[in-house]
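Novice:
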Amino acid sequence: MDIGGRTLNVLLAGIGGQGVLTASQLLTEAAVQGGHDVKKSEVHGMAQRGGVVTSHVRIGRKVYSPIISSGEVDLLVAFEEAEALRWRPEVRPGGTLIVNCLRVAPPIVNLGHFKYPDDPLESLRSFNGSLLPVEASALAIQAGSPRLAGTILVGAAAA
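Residue numbering for the sequence shown follows this note's numbering, starting at 2 and increasing by one per position.
1. Output the residue ranges of the alpha helix (DSSP H) runs that lie fully inside the stretch 30-90 and measure 4 residues or longer, sorted by chain position.
2. Which of the three DSSP states is assigned to glycine 151 in this structure?
3. Excluding the five sequence neighbours on either side, which residues of its own chain have a C-beta within less than 7 Å of the C-beta of serine 71, listed in chain order?
4. Using DSSP with H/G/I as helix, E/B as strand and the rest coil, what is alanine 14?
5. What is the DSSP secondary structure of glycine 95, counted as helix, strand or coil?
6. Among residues of its own chain, excluding the 5 on either side of alanine 85, which ones have a beta-carbon nearer than 7 Å to its beta-carbon?
7. Please classify asparagine 129: does DSSP put it in a helix, a strand, or coil?
8. Which two residues bound the contiguous alpha helix (DSSP H) that contains glutamine 143?
9. Measure from the alpha carbon of leucine 13 to the alpha carbon of each residue in Gly130, His37, Ser42, Gln143, then state which is nearest.
10. On the DSSP bridge assignment, give the partners of valine 100 in chain order.
11. So, at 6 Å on beta carbons, what are the nonlocal neighbours of asparagine 10 in its own chain, with the 5 sequence-adjacent residues on each side left out?
12. Cα separation between alanine 7 and serine 66?
The following block contains the structure:
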């Protein structure tokens with residue numbers, strides 16, 4: 002992983018049970034093995050109940066804080082389409098969105114408190130940066146385990 006002399010700010014976001022924290026750990030370990038300083042923070046929320054789960058990963062020569070400032074995310078890895086839409090404002094202009102082509106209605110939608118967006122990916126197309134939709138969940142199932150979706154998304158991030 003070559004990031005030059007800068008700090009790379011990565012935000013991983015999804016729904017509890019999708020493997021966000023496992024993918025975050027995988028990314029962190031790969032960066033450390035690549036000789037980088039890494040700081041990571043996690044927000045578990047209602048991880049076991051289908052709530053939002055996020056992880057900030059900062060990779061660089063010397064990183065002092067695990068928290069990414071608002072609007073400074075270089076790379077958003079979203080495990081679900083609406084989560085990409087929710088966290089897109091945190092991505093800097095010219096940043097990259099990697100989005101799993103998957104729709105999961107969280108409890109707040111099922112309870113009728115929130116309407117799931119009609120087409121989150123279409124809404125993201127106006128983003129001033131790179132958008133990479135990835136069929137990670139479908140590819141993971143083809144590979145034999147839905148749990149591989151996070152690994153596929155991390156692979157897309159590394160590419």
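Idealized CB from N, CA, C, for every residue including glycine. Since the model is a prediction, treat every value here as computed from it, not as a measurement.
Specialist: From the atom records:
1. 82-88
2. helix
3. Glu91
4. strand
5. strand
6. Leu77, Ala79, Leu98, Val100, Pro121, Leu125
7. coil
8. 137-144
9. Ser42
10. BP columns for valine 100 point to Ala79, Pro134.
11. Arg59, Ile69, Glu73, Val74, Asp75
12. Checking the displayed sequence, the identity of residue 7 turns out to be arginine instead of alanine. About 14 Å.
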